[in-house]
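Here this note's numbering is used: the sequence shown runs in plain steps of one and ends on residue 1006. Where a beta carbon is used, it is the ideal one built from N, C-alpha and C, also for glycine. Source: prediction; values computed, not measured.
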Amino acid sequence: MRENRRFAPPAALAGAANVTGDAYAAASADRIAFWEEQARRLDWERPWTTALDWRPPFARWFSGGRLNVAVNAVDRHVAAGHGDQVALHWEGEPGDTRTITYARLQDEVCKAANALSELGVRAGDRVMIYLPMIPEAVFSMLACARLGAPHSVVFGGFSAEALRNRVEDARARLLITADGGFRRGRPNDLKTAADEAVAGTGVEKVLVVRRTGAEVPFTAGRDVWWQDVVDRQSTTHVPEYFDAEQPLFILYTSGTTAKPKGILHTSGGYLTQAAYTHHAVFDLKPDTDVYWCAADVGWVTGHSYIVYGPLANRATQVMYEGTPDTPHRGRFWEIVQKYGVSILYTAPTTIRTFMKWGDDVPAGFDLSSLRLLGSVGEPINPEAWIWYREHIGGGRVPVVDTWWQTETGAIMISPLPGVTACKPGSAQAALPGIAADVVDDSGTPVPPGGGGYLVLTEPWPGMLRGIWGDPGRYADTYWSRFADQGYYFAGDGAKKDEDGDVWLLGRVDDVMNVSGHRISTTEVESALVSAPQVAEAAVVGATDPTTGQGIVAFVILRGGAADKGAVLAAELREHVAREIGPIAKPRQILVVPELPKTRSGKIMRRLLRDVAENRSLGDVTTLQDSSVMDLISARLPSASGED
Ligand code: WTA
């Protein structure tokens, strides 16, 4: 829990770092000029006229400038003579591989863009992408970017129902999916869920990649195989240039209500920050590094740190389809050894899983190519941080803990590997050009040693431009909490230590963080009450040693529904998986006679969390009926189930 050691940057890294300590001074001297300088790392067809147009809470960055995001990620590298450089070392779970150079990537993106045009996609149309971790996911995203058609990638682990909600909210015209992908040694069907999701929606065409070769349902007239339509296209596609504020993607994330929010990102500012932070935080040397971000493209980490940031920086990277334990628990380390990975970016939950599997697993591989390790998704406990550094980084490799969100688009708070003496467990300081603080309830910055809420005090280029179709919710969710100060409210608790470094403490709202995935308590509650057996449900996130938080559900059954113990729990867990996806399955389901409520009827989750974490109960005096907690505690081992 406590770790007071500091780890200074290795001299070799510091001596050749992409970004030095001067960047902080340059950015604080003139923040806007600093970001303009970073924007010049990109190719613009026409320069911007205004760097920042800020009408709180709506920002426009690099107005008047025109660029094509895909050209920046691919074509310009080919034009500069790097066509033969490997962009993607793709590794399928069964062990099949594909090597995709920048020249090949350009061909594939052009073909996909031509195919999408043929299928009727125009600039501004929304395209849903529901794919496994295969290169076509990257081709599809870049083809959309090339056409100015915002994509909305939905993680392949989400259910048909979750996909349908997103398809409808985005009013998408086209869906790109696959017959499936390989996970845990088996083909995992996506097409059946995709069919269920698009039935009766505005989706006109479904483009299907053949990946597993499994028999899947196919609707003539609507469905087309990627291999039939894309492969025959020309590899030439003349790009159009778009305004810096052209929507690039919508990515759905959980908020505090049952309805996920479509976070909208645009082009010029987003790409500027994704590329700059990737350059600064991962210190990428495009000619020598092999970079691997082990996230899924369905999450923002995959958008910013597999697709847009690294490709804009001409990275050579690894992309892996499957799970870390297939066919054996050393799969990640085998991949690091095989490709000579030098920079690895993954999540604390994965690191803790590796810790559980034992030190001897990574010890069996040559990991000497690694020179930098990153972490994202949730607070990393000092023990996991040290393990990562020792057992993966050989005790010599810096670990950068990066804080950011779907909404921020790119990394906001992180050490700089060539500058910062790293503190295990702390994301430390806002990056150059970023302004963050920890404030109390009234919006006043807390002194060193104090705790409160994390806020962002100045607009930043990669910031979300809104919630798709719901400007009111955008203003309300992020900008109303500290409206007087004009601060962005991140929803995270944080403390500032004596050095002024930031330590993230987890969400302060009803959003859980399970294995680095954001899931709202209300989303799971509404899935549970849609089950015929359930009358009422309350869900809390309880501390979990591996996944960060685990979902614990308290349910009241409908009259007539029998408490069949483990059978009922299994049924309800399956129900939630169908409604949202397996990631939202409760770890534990407790059948209770009542829920603790305040006199105004609000469920007191704090007390339920005490129960779920086996703590003695906190203050119960505001309960409408304080005997309820005795009833709940008495029912504790009632119906629980674990995978
Ligand atoms: C949490 C993922 C502590 C946080 C990029 C945030 C973190 C939410 C960290 C965003 C970190 C992410 N330390 N907490 N380094 N990184 N979080 O939108 O609660 O999936 O608000 O973006 O994850 O999750 P999201």
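{"Check": "Residue closest to Trp411, alpha-carbon to alpha-carbon, out of Leu430, Ile463, Val739", "Outcome": "Leu430"}
{"Check": "Distance cut-off 6 Å: Gln768 Cβ against heavy atoms of the ligand WTA", "Outcome": "yes"}
{"Check": "Contact the segment 686 to 698 vs the segment 662 to 678: 3+ CB pairs below 8 Å", "Outcome": "no"}
{"Check": "Entirely enclosed alpha helix (DSSP H) segments - the segment 891 to 975, minimum 4 residues", "Outcome": "929 to 942, 968 to 975"}
{"Check": "Where Glu1005 falls: helix, strand or coil (DSSP)", "Outcome": "At Glu1005 the pLDDT is 37, less than 50, meaning the model places this residue with poor confidence and gives no usable figure here."}
{"Check": "Any non-hydrogen atom of the ligand WTA within 6 Å of Pro742 CB", "Outcome": "yes"}
{"Check": "Proximity below 7 Å, CB of Ile995 to CB of Pro949", "Outcome": "no"}
{"Check": "Per-residue burial, Gln469 [other beta carbons within 10 Å of its own, 16 or more giving buried]", "Outcome": "buried"}
{"Check": "Pick from Val991, Asp973, Leu931, Val939 that is closest to Leu958, judged by C-alpha positions", "Outcome": "Val991"}
{"Check": "Glu524, DSSP secondary structure in three states", "Outcome": "helix"}
{"Check": "For Arg968 and Asp988, the rounded distance between their alpha carbons", "Outcome": "15 Å"}
{"Check": "Neighbourhood of Arg573 by C-beta, 8 Å cutoff - its chain only, sequence neighbours within 5 removed", "Outcome": "Ala541, Asp542, Trp588, Trp589, Gln590"}
{"Check": "Heavy atom of the ligand WTA within 6 Å of Thr686 beta-carbon", "Outcome": "no"}
{"Check": "Tyr850 in three-state terms, based on DSSP", "Outcome": "coil"}
{"Check": "Closer than 6 Å: Leu867 CB and nearest the ligand WTA heavy atom", "Outcome": "yes"}
{"Check": "Contact test: Asp1075 Cβ vs the ligand WTA heavy atom, cutoff 6 Å", "Outcome": "With the chain covering 364 to 1006 only, the question about residue 1075 has no answer from this structure."}
{"Check": "Separation of Thr620 from Leu415, as counted between CA atoms", "Outcome": "32 Å"}
{"Check": "Backbone CA spacing between Arg369 and Asp862 [nearest angstrom]", "Outcome": "13 Å"}
{"Check": "Backbone CA spacing between Lys858 and Asp488 [nearest angstrom]", "Outcome": "42 Å"}
{"Check": "Spatial distance of Phe521 from Ile943 (CA atoms)", "Outcome": "6 Å"}
{"Check": "Three-state class that DSSP yields for Phe645 in the structure shown", "Outcome": "coil"}
{"Check": "Boundaries (first-last residue) of the alpha helix (DSSP H) holding Phe502", "Outcome": "498 to 510"}
{"Check": "Pair within 7 Å by beta-carbon distance, Phe502 and Ala475", "Outcome": "yes"}
{"Check": "Residue interval of the beta strand (DSSP E) (run including Trp588)", "Outcome": "586 to 588"}
{"Check": "Cutoff 7 Å; reference Val566; Cβ partners in own chain excluding five residues on either side", "Outcome": "Val530, Ala535, Arg536, Leu537, Leu538"}
{"Check": "Helix, strand or coil at Tyr654 according to DSSP, with G and I counted as helix", "Outcome": "strand"}
{"Check": "Cβ-based neighbour list, Val699, same chain, cut-off 6 Å, excluding 5 preceding and 5 following", "Outcome": "Leu730"}
{"Check": "Length of the line joining the Cα atoms of Phe645 and Ala901", "Outcome": "41 Å"}
{"Check": "Spatial neighbours of Val437 in its chain, beta-carbon cut-off 7 Å, leaving aside the 5 residues before and after", "Outcome": "Tyr465, Leu468, Gln469, Val472, Leu505, Leu674"}
{"Check": "Near the ligand WTA: Arg978 beta-carbon under 6 Å from a heavy atom", "Outcome": "no"}
{"Check": "Any non-hydrogen atom of the ligand WTA within 6 Å of Asp855 CB", "Outcome": "yes"}
{"Check": "Closer than 6 Å: Val739 CB and nearest the ligand WTA heavy atom", "Outcome": "yes"}
{"Check": "Close-in-space but distant-in-sequence residues of the same chain around Leu510 (CB under 7 Å, 5 per side omitted)", "Outcome": "Ala476, Leu479, Ser480, Val484, Ala486"}
{"Check": "Those runs of the alpha helix (DSSP H) which lie wholly inside the segment 563 to 619 and span at least 4 residues", "Outcome": "589 to 592"}
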